[in-house]
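Reminder that position 206 of the sequence shown reads as 206 in UniProt numbering, one-by-one numbering, no gaps. Where a beta carbon is used, it is the ideal one built from N, C-alpha and C, also for glycine. Keep in mind it's a predicted model, so treat the numbers as computed, not measured. Notes follow once the structure below has been shown.
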Amino acid sequence: MLIYRIAFILAGLALIGWALYERYRQQVMAKTPTIGAGDVGSLIDPGREVVVEVQGTAAPGPAGPLRSPFTGTPCVWHRIRVTRRYTEWQRQKDGGRKRVTKEEEIFDSQSGTPFAVSDVSGRVPLHPGDKRPDGATRTINVYEGSHGPIGDRASALGVMLGRGEGSTQGNRFQEWVLREGDPVYALGAARQVDGVPSICAPAAPPFIISTSSEAELRTRSRLTAALTSAGGALLLIGTAVWWIMAPSE
1 MLIYRIAFIL AGLALIGWAL YERYRQQVMA KTPTIGAGDV GSLIDPGREV
51 VVEVQGTAAP GPAGPLRSPF TGTPCVWHRI RVTRRYTEWQ RQKDGGRKRV
101 TKEEEIFDSQ SGTPFAVSDV SGRVPLHPGD KRPDGATRTI NVYEGSHGPI
151 GDRASALGVM LGRGEGSTQG NRFQEWVLRE GDPVYALGAA RQVDGVPSIC
201 APAAPPFIIS TSSEAELRTR SRLTAALTSA GGALLLIGTA VWWIMAPSE
């Protein structure tokens, strides 16, 4: 029973930590004034990191418009994910064997080229890096057997299908895009990249890219903080009561 109590305590502390991070995230958004995309360059300070936030619409970056790998959708950012479904024999406690179905992720990739945030003041390149924009549109979510048109496209991209343990039954293909004109809220560090004022990932979180407005994000963050803090407190209190009522278990 001790291992369960320790697990509950760790889970409770993790939820409390999540709640504290959400509150910190709210504070950063609240204290960072929204500026025009074309004004980011005026705030760059070579001596320190300056965090800025902009609200506008997505526009192509220096590389121009993109097309998503699976559906060919015109976009400024895209992500694809492939999950393999397979079966394998699993040994049972009685010595017998049972055939079970499992899934595993075999590929997850996204475009890393910068796109722009545009508003009435101008535009600024946004370098997402590994950050996934919150609220991107899912353009495909299909399951194919051992062969299919999306699987053929994935193979052409270098995705190794049909490999791994067990017998492959098929694959699930998912794709998300951020289209030109989609609303974008971005909070990050203002920096010069190749001489161009840009927004990049800051040295410390948060780094936010979302299709939601700041007000929507703060409302969602407050709800998450309330739920996680309540859940963490209940876990910690419940475990403490359990320990007091049954200390020897």
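Unbroken beta strand (DSSP E) run spanning residue i, endpoints
i	result
VAL241	Here VAL241 belongs to no beta strand (DSSP E); instead the alpha helix (DSSP H) covers 214–245.
LYS93	Run containing LYS93: none; DSSP gives neither H nor E here.
PHE70	Neither: PHE70 is in no beta strand (DSSP E) and is coded neither H nor E.
LYS131	Looking at the DSSP string, LYS131 is not in any beta strand (DSSP E), and its letter there is neither H nor E.
Residue i - partner residues in DSSP beta bridges
i	result
PRO125	ALA116
GLN110	ARG79
TYR86	LYS102 and THR168
ARG97	ARG91
THR34	GLU53
ARG23	Answer is none; ARG23 lacks a bridge partner.
For residue j and residue i, believed in contact at Cβ under 8 Å, the rounded distance
i	j	result
TYR143	GLY170	6 Å
LEU223	TYR185	Their Cβ separation, rounded to whole angstroms, is 18 Å, which puts LEU223 and TYR185 out of contact at 8 Å.
VAL100	ALA58	Not a contact, Cβ separation roughly 43 Å.
ALA136	ARG84	Actually they are not in contact, since the Cβ atoms of ALA136 and ARG84 sit about 23 Å apart, beyond 8 Å.
PHE107	VAL159	5 Å
ALA37	VAL54	5 Å
TRP176	THR139	7 Å
ALA190	ILE44	5 Å
THR211	PRO128	About 13 Å; that fails the 8 Å criterion.
TYR86	THR168	5 Å
LEU15	LEU235	7 Å
SER221	GLN26	5 Å
TRP77	LEU178	4 Å
Residue i versus residue j - alpha carbon distance
i	j	result
GLY208	GLY188	In the sequence under discussion, the amino acid at residue 208 is Ile, which differs from the Gly named in the question. When rounded, the distance between both Cα atoms is 7 Å.
ILE150	ALA233	46 Å
GLY12	MET1	17 Å
SER229	PRO125	36 Å
GLY231	CYS75	39 Å
PHE173	PHE115	24 Å
PRO62	ALA154	26 Å
LYS102	ASN141	18 Å
TRP243	ALA226	26 Å
SER198	PRO69	26 Å
PRO60	THR73	14 Å
THR71	GLY17	39 Å
ILE35	ILE9	43 Å
PRO202	TYR24	15 Å
ARG67	GLY47	38 Å
ILE3	THR239	12 Å
ASP39	PRO206	21 Å
ASP152	GLY112	23 Å
ARG81	VAL241	44 Å
HIS147	SER109	21 Å
LYS131	LYS98	40 Å
MET245	GLU49	52 Å
GLY56	GLU104	37 Å
ALA215	GLY41	25 Å
GLY195	THR219	36 Å
Continuous alpha helix (DSSP H) stretch holding residue i: start and end
i	result
VAL1	Reading the sequence as shown, one finds Met at residue 1 and not Val. Here MET1 belongs to no alpha helix (DSSP H), and DSSP marks it neither H nor E.
Next item on the list: With a floor of 3 residues, list each beta strand (DSSP E) that falls wholly inside the region 140–214, ordered by position along the chain.
Entry: 167–178, 183–193, 196–200 and 208–210
Next item on the list: Please go through the region 36–72 and give each complete beta strand (DSSP E) segment of 3 or more residues, from N-terminal end onward.
Entry: 50–59
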